[in-house]
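If you read the sequence shown in the working numbering, its first letter stands for residue 1, the second for the next number, and so on.
Report on one structure; see the data block that follows.
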Amino acid sequence: MTAQAVASEDLATVIGLEVHVQLETDTKIFCGCSTEPADEPNTNTCPVCLGLPGALPVVNEGAVEAAVKVGKAIDADIPAETTFHRKNYYYPDLPKDFQITQYDAPICQDGTLEFSVEGERRTVRIRRAHLEEDPGSLQHVGGSIDTADYTLVDYNRAGTPLMEIVTKPDFRSPGEVRAFLAKLTEVLEYLGIFDATRDGSLRVDANLSIVDGADIGEAGVIDDATLDAADPNRTEVKNISSHKGAEKALAYEETRQKNAIERGRAVEQETRHWDESKGVTLSMRSKEEEKDYRYFREADLPPLRVSDWKSQIAIPELPAARRERFQTEYGLNEEAADKLTSTKEVADFFEDVAEQFEPDLAATWVADELLGELNYRDMQITDVSGRFDEIERLVELVAADEITTKNARETVLRGMLDDGDAPDEIVEREGLGKTSGDEVQQAVEDAIDENPDAVGDYHDGDGGAINFLVGQVMQKTGGSADPGDVNQLLRAELKD
Numbered sequence: 001m002t003a004q005a006v007a008s009e010d011l012a013t014v015i016g017l018e019v020h021v022q023l024e025t026d027t028k029i030f031c032g033c034s035t036e037p038a039d040e041p042n043t044n045t046c047p048v049c050l051g052l053p054g055a056l057p058v059v060n061e062g063a064v065e066a067a068v069k070v071g072k073a074i075d076a077d078i079p080a081e082t083t084f085h086r087k088n089y090y091y092p093d094l095p096k097d098f099q100i101t102q103y104d105a106p107i108c109q110d111g112t113l114e115f116s117v118e119g120e121r122r123t124v125r126i127r128r129a130h131l132e133e134d135p136g137s138l139q140h141v142g143g144s145i146d147t148a149d150y151t152l153v154d155y156n157r158a159g160t161p162l163m164e165i166v167t168k169p170d171f172r173s174p175g176e177v178r179a180f181l182a183k184l185t186e187v188l189e190y191l192g193i194f195d196a197t198r199d200g201s202l203r204v205d206a207n208l209s210i211v212d213g214a215d216i217g218e219a220g221v222i223d224d225a226t227l228d229a230a231d232p233n234r235t236e237v238k239n240i241s242s243h244k245g246a247e248k249a250l251a252y253e254e255t256r257q258k259n260a261i262e263r264g265r266a267v268e269q270e271t272r273h274w275d276e277s278k279g280v281t282l283s284m285r286s287k288e289e290e291k292d293y294r295y296f297r298e299a300d301l302p303p304l305r306v307s308d309w310k311s312q313i314a315i316p317e318l319p320a321a322r323r324e325r326f327q328t329e330y331g332l333n334e335e336a337a338d339k340l341t342s343t344k345e346v347a348d349f350f351e352d353v354a355e356q357f358e359p360d361l362a363a364t365w366v367a368d369e370l371l372g373e374l375n376y377r378d379m380q381i382t383d384v385s386g387r388f389d390e391i392e393r394l395v396e397l398v399a400a401d402e403i404t405t406k407n408a409r410e411t412v413l414r415g416m417l418d419d420g421d422a423p424d425e426i427v428e429r430e431g432l433g434k435t436s437g438d439e440v441q442q443a444v445e446d447a448i449d450e451n452p453d454a455v456g457d458y459h460d461g462d463g464g465a466i467n468f469l470v471g472q473v474m475q476k477t478g479g480s481a482d483p484g485d486v487n488q489l490l491r492a493e494l495k496d
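If you want it as structure tokens, here you go:
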């Protein structure tokens, strides 16, 4: 926007994303070097990924298959033929001084992705998704990019298959961006082509502009022509590597630009670096334009025909479809189905448990008990994937009424996660086996006999008295009785 003071209520935020996703393949996109993290720098390299003279690239078939899966998942157009180009720029992490990427014939074009934010469904238009090679990585020693004593370059990452997913400027807030990235990650994991736990597997460049709110259409969409006519100075924010980081970086940048506009100052068109530790964006350089990269066809790679692959490559059941099936097949509510399809690992485990036990019990123990305890410990389902059989055994003990739900959750499950013990071991050590019916009945009668004041309060209408008596019975049984059963037994005795 031009340098004149404007009230904040008249402004609107426009955000578009370039999401760089590392594809899960055994080898790099144009050579046979491993993509596995290496202990030593510059060891997973060869003449091809180092850009040595005479080395020729060969396309990784697995990377192309992954790209086709992404195209199908976002309902994109996949052309019969795609080509590669050279993107020319100079940076220390780029050994060839150009990047092999795609330009005017990307493998995926004009897709969409639907997601939820604050209970509302949103659809973001995806302009393109294309294949390219990852640069190397820079290690800033003694500080960040602007304060380091010196910088080291590691080319182990150079050549790792990347898919760059470019959206249209359809986001109106940083919160929407975070929700979209979470949804995109979910879909990529379901496709089996992405590992979110790998460091640097998802990196985001975000373009943020502040425009006149009147330029935004009724559906919250601004078309390219209107955005260009508004002539905003777009700021690109780099070095974003997480969903939360994207929201924080863009919230800062949104505030920075609005403050400038409200004070009548111009917003520079530039590239800025997100400093996670300081919580600020820092100016890096003036923003490049497309012409600065001098794209031209990669002569060492012929056009790639993908028309046959579209019909041959199938994609698995995606989160939205699985969520709907869980509601109809297992009778789950929307909230439970959302939790149980949050990752493919969670959904698969739930279905394994639901095959053995009642779906409601399986849903409670996977969605509420297990995920709740994992979240409290900042753990993921993958952290316990090797112990699924033990968790199923715990559900079996509850289903067989051998231990109480309270003890199963508070003592057994927590002991399993904190100490690594097996469920049966914890039950035996803590004496959690459920007390027999006769023993519980005797404990109920003893509690009534020993607490006449509480009994009198109960008959006088004091609702809290029954809870006191339940506590007395639980004490006598060492917590091994079911509180709900105890409550019913007490009420039956007191009624008489």
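Don't be surprised by glycine CBs; every beta carbon is placed ideally from N, CA and C.
Residues near residue i in its chain [Cβ-Cβ closer than 7 Å; skip 5 each side]
| i | result |
| --- | --- |
| Asp308 | none |
| Arg377 | Leu417 |
| Pro423 | Glu390, Arg393, Leu394, Leu397, Val412 and Met416 |
| Asp195 | Glu24 and Ser201 |
| Phe357 | Val395 and Ala399 |
| Ala63 | Leu23, Thr25, Ile29, Leu131 and Pro161 |
| Asp75 | Gly111 and Thr112 |
Nearest to residue i (by Cα), restricted to the options the options
| i | options | result |
| --- | --- | --- |
| Gly159 | Gly213, Phe98 and Val473 | Phe98 |
| Ala147 | Val366, Tyr295, His130 and Leu282 | According to the sequence as given, residue 147 is Thr; it is not Ala. If we check each option's Cα against that of Thr147, Leu282 comes out closest. |
| Pro316 | Thr45, Leu371, Ala73 and Val19 | Ala73 |
| Thr405 | Ile381, Thr382, Gln356 and Leu361 | Leu361 |
| Thr45 | Lys96, Arg121, Arg157 and Asp134 | Arg157 |
| Thr27 | Ile15, Glu18 and Glu61 | Glu61 |
| Val14 | Arg172, Gln22, Leu138 and Ile29 | Arg172 |
| Gly372 | Leu340, Glu430, Arg325 and Tyr91 | Leu340 |
| Val353 | Thr343, Glu392, Gly386 and Met379 | Glu392 |
| Ser241 | Gln22, Asp485, Gln380 and Glu329 | Gln22 |
| Ala249 | Val204, Ala260, Ile210 and Glu289 | Val204 |
| Pro47 | Thr83, Asp75 and Cys33 | Cys33 |
| Gly456 | Gly484, Asp482, Glu430 and Lys495 | Lys495 |
| Asn407 | Asp462, Glu428 and Asp75 | Glu428 |
| Glu289 | Lys87, Thr83 and Ala314 | Lys87 |
| Arg272 | Asp348, Gln312 and Ile145 | Ile145 |
| Ala443 | His459, Glu369 and Glu493 | Glu493 |
| Glu329 | Ala314, Glu355, Val306 and Phe115 | Glu355 |
| Tyr89 | Tyr293, Ile193 and Gly213 | Tyr293 |
| Ala129 | His140, Arg121, Phe115 and Gln102 | Gln102 |
Supposed contact pair residue j and residue i - C-beta distance, whole angstroms, cut 8 Å
| i | j | result |
| --- | --- | --- |
| Pro161 | Leu131 | 7 Å |
| Cys49 | Tyr155 | 7 Å |
| Val237 | Ala206 | 5 Å |
| Pro57 | Leu301 | 6 Å |
| Val470 | Asn451 | Actually they do not touch by this definition, with Cβ atoms about 11 Å apart. |
| Met163 | Ala67 | 6 Å |
| Ile100 | Glu65 | So it is not a contact: roughly 18 Å between Cβ atoms. |
| Lys93 | Gly136 | Sequence inspection shows Asp at residue 93; the Lys mentioned does not correspond to that position. Yes, Asp93 and Gly136 are in contact; Cβ-Cβ is about 4 Å, under 8 Å. |
Residue i and residue j closer than 8 Å at C-beta
| i | j | result |
| --- | --- | --- |
| Val124 | Thr167 | yes |
| Thr235 | Thr382 | no |
| Leu432 | Val59 | no |
| Lys258 | Leu11 | yes |
| Lys506 | Glu262 | Outside the modelled stretch of the chain, which goes from 1 to 496, sits residue 506, for which no answer is possible. |
| Lys291 | Tyr190 | no |
| Ala55 | Thr82 | no |
| Arg409 | Glu445 | no |
Start-to-end residues for the beta strand (DSSP E) that takes in residue i
| i | result |
| --- | --- |
| Tyr150 | Tyr150 to Asp154 |
| Leu11 | Leu11 to Gln22 |
| Arg128 | Glu120 to Glu133 |
| Gln139 | Ser137 to Val141 |
| Arg387 | Premise fails: Arg387 is in no beta strand (DSSP E) and is neither H nor E. |
| Phe499 | No statement about residue 499 is possible, as the shown extent of the chain runs from 1 to 496 and does not include it. |
| Asp275 | Glu270 to Asp275 |
Extent of the continuous alpha helix (DSSP H) to which residue i belongs
| i | result |
| --- | --- |
| Met416 | Arg414 to Asp419 |
| Asp110 | That residue, Asp110, is in no alpha helix (DSSP H); its beta strand (DSSP E) goes Cys108 to Val117. |
| Ser209 | Where Ser209 is concerned, there is no enclosing alpha helix (DSSP H), although the beta strand (DSSP E) it sits in stretches over Leu202 to Asp212. |
| Thr160 | Note, Thr160: premise wrong, no alpha helix (DSSP H); not H, not E. |
| Thr325 | Residue 325 is actually Arg in this sequence, not Thr. Per DSSP, Arg325 belongs to the alpha helix (DSSP H) from Pro319 to Tyr330. |
| Lys258 | His243 to Glu262 |
| Lys69 | Glu61 to Ala73 |
| Thr235 | Run containing Thr235: none in the alpha helix (DSSP H); it sits in the beta strand (DSSP E), Thr235 to Ile240. |
| Asn375 | Leu371 to Tyr376 |
Same chain, Cβ closer than 6 Å to residue i, five either side skipped, listed in chain order
| i | result |
| --- | --- |
| Lys96 | Gly51 |
| Leu332 | Phe326 and Ala363 |
| Gly71 | Ile78 and Cys108 |
| His20 | Leu162, Glu164 and Arg203 |
Cut-off 8 Å between Cβ atoms - residues of its own chain near residue i, not counting five sequence neighbours on either side
| i | result |
| --- | --- |
| Arg178 | His243, Lys244, Ala246 and Glu247 |
| Ala251 | Pro174 |
| Arg256 | Thr281 |
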